[in-house]
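Each remark here refers to the structure printed beneath this line.
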Amino acid sequence: MTYTGDQRISLILSGLSVTTEAELSMLNKGSHHCGAALISPVWILSAAHCVAAHDKRKLSLLGGVTSLWDSSAQVRQIVEVVKHDMFDKLDYDIALLKVYPPFQLNENIYPIRLPEAGVELGEGATVTVTGWGATSLANTLVVLSQTAEDGEIEVRISENGSATSNLRRVDLTVITPQQCEESLSPIGIHEETMLCTWFPGGGKDACQGDSGGPLVHDNVLVGVVSWGIGCARAGNAGVFTKVSHFRDWIFHYSGV
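Position one of the sequence shown corresponds to residue 1 (full-length UniProt numbering), numbered consecutively onward.
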């Protein structure tokens, strides 16, 4: 399928690389696979679809740097994966990862604050997403098979594009559940567990490789990159797992 629109511009991009001390790169057999957020020296929050069909022995987490090529990075093995037991393709897309040994906290790597349970962001709030995912669109539109425990499911439509080795950011705007459903129709959302954003006119969004990464508001982790239809397409929302809904679940398993 050929994409004929004009939105062939930067996605996770604000013109400059950024410093985000809680952002981690999840590596699958040594290559960047997804994003993640440090919430304690040993516990990390990410998306369930990033780990659902992968052997944790082949997964690791890299942190403390903004460039994936920086030799000063700390790399830790994932020793435990806790996926939400209600994870179902798109919903309850959240997972806790435990590492050993713990990350050594310093000025380049430290945990992000979590929201209080039930806190809601209003329409129009500005939020920031960061990641090492695709930063440009290509000419082709492909269906990206999102792998779940019950097999591959074609649920995420994604533009091909080039990735980045440097951490990037973009500011987005929170929209209402009604606006989100209209933009993603006929796919529905679960407003209790999902948070939606967009950038008016398109051109800015999270994209492949950013999944599992943090969505931040006032230095608080409010969302986890989950899914969307394409990347940065005008009128289409990006969907994030709403962290405040899962605050008690996070504490139950991690003590954080």
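Think of the CB as a built atom: it goes at the ideal place given N, C-alpha and C, for glycine as much as any other residue.
Which partner residues of residue i appear in the DSSP bridge assignment?
| i | result |
| --- | --- |
| His217 | Val220 |
| Met86 | In the DSSP output, where bridge partners are listed per residue, Met86 has none listed. |
| Leu38 | Ile44 |
| Gly131 | Arg168 |
| Leu195 | Phe240 |
| Val225 | Phe240 |
| Ile187 | DSSP output for Ile187 lists no bridge partner at all. |
| Ile109 | Asn106 |
| Thr126 | Thr173 |
| Ser67 | Asn166 |
| Ser93 | Going by the sequence as given, residue 93 is Asp instead of Ser. Partner(s): none; Asp93 has no beta bridge. |
According to DSSP, simplified to helix, strand and coil, what is residue i?
| i | result |
| --- | --- |
| His33 | strand |
| Gln74 | strand |
| Ser165 | coil |
| Val81 | strand |
| Val99 | strand |
| Ser158 | Bear in mind that a pLDDT of 35 at Ser158, under 50, signals an unreliable position, so the model cannot answer this. |
| Thr20 | coil |
State the start and end residues of the unbroken alpha helix (DSSP H) segment that holds residue i.
| i | result |
| --- | --- |
| Asp248 | 247–254 |
| Leu184 | 177–184 |
Have a look at the options and flag the residue whose alpha-carbon is nearest the alpha-carbon of residue i.
| i | options | result |
| --- | --- | --- |
| Asp88 | Gly255, Ser31, Leu221, Cys50 | Cys50 |
| Asp171 | Ala125, Pro186, Glu181 | Ala125 |
| His54 | His33, Ser67, Thr66 | His33 |
| Ile189 | Thr241, Asp210, Gly223 | Thr241 |
| Leu195 | Ser165, Val99, Phe246 | Phe246 |
| Ala48 | Val225, Thr20, Val119, Phe103 | Val225 |
| Asp70 | Leu90, Ser25, Arg169 | Ser25 |
| Leu27 | Glu182, Pro41, Tyr92, Val99 | Val99 |
| Trp249 | Ile78, Ser67, Val82, Val42 | Val82 |
| Gly177 | Asn166, Asp93, Asn236, Leu97 | Reading off the sequence, residue 177 comes out as Pro, not Gly. Ranking Asn166, Asp93, Asn236, Leu97 by Cα distance to Pro177 puts Asn236 first. |
| Met86 | Val65, Glu107, Ala52 | Ala52 |
| Trp43 | Asn219, Tyr110, Glu191, Gly118 | Tyr110 |
| Thr66 | Cys180, Arg169, His84 | Arg169 |
| Val119 | Glu192, Ser31, Thr20 | Glu192 |
| Thr130 | Asn108, Glu107, Glu123, Asn166 | Asn166 |
| Asn108 | Glu123, Gly64, Trp198 | Gly64 |
| Leu68 | His84, Ser183, Trp198, Trp132 | Trp132 |
| Trp90 | Glu182, Ile187, Cys180, Thr20 | Here residue 90 turns out to be Leu, not Trp, going by the sequence shown. Of the listed residues, the one whose Cα sits closest to Leu90 is Ile187. |
| Phe251 | His84, Ser31, Ser72 | His84 |
Note down, in chain order, each residue of its chain lying with its Cβ closer than 6 Å to the Cβ of residue i, except the 5 sequence neighbours on either side.
| i | result |
| --- | --- |
| Val75 | Ser60, Leu62 |
| Val239 | Met194, Cys196, Ser226, Trp227, Gly228 |
| Ser211 | Cys34, Ala47, Cys50, Val225 |
| Asp93 | Ala47, Ala48, His49, Ser226, Thr241 |
State the start and end residues of the unbroken beta strand (DSSP E) segment that holds residue i.
| i | result |
| --- | --- |
| Leu61 | 59–63 |
| Glu23 | 23–28 |
| Asp171 | 168–174 |
Could you pull out every residue in the same chain whose Cβ sits closer than 8 Å to the Cβ of residue i, ignoring the five residues on either side in sequence?
| i | result |
| --- | --- |
| Leu221 | Ala22, Ala37, Ile39, Leu45, Ile112, Arg113, Leu114, Pro115, Pro214, Leu215, Val243 |
| Lys29 | Lys58 |
| residue 343 | Outside the displayed span of the chain (1 to 256) sits residue 343, for which this structure offers no information. |
| Asn219 | Ile112, Arg113 |
Between residue i and the ligand ADP, is the CB less than 7 Å from at least one heavy atom?
| i | result |
| --- | --- |
| Gln74 | Looking at this structure, you won't find the ligand ADP or any other ligand, since it has none at all. |
Suppose the cutoff is 7 Å on Cβ atoms and the five residues either side in sequence are ignored; what does the same chain contact list for residue i look like?
| i | result |
| --- | --- |
| Pro41 | Pro102, Phe103, Leu105 |
| Leu253 | Note that residue 253 corresponds to Tyr in the displayed sequence, not to Leu. So the list reads Val82, Leu96, once near-sequence residues are dropped. |
| Lys56 | Ile78, Val81 |
| Ala117 | Ser244, Arg247, Asp248 |
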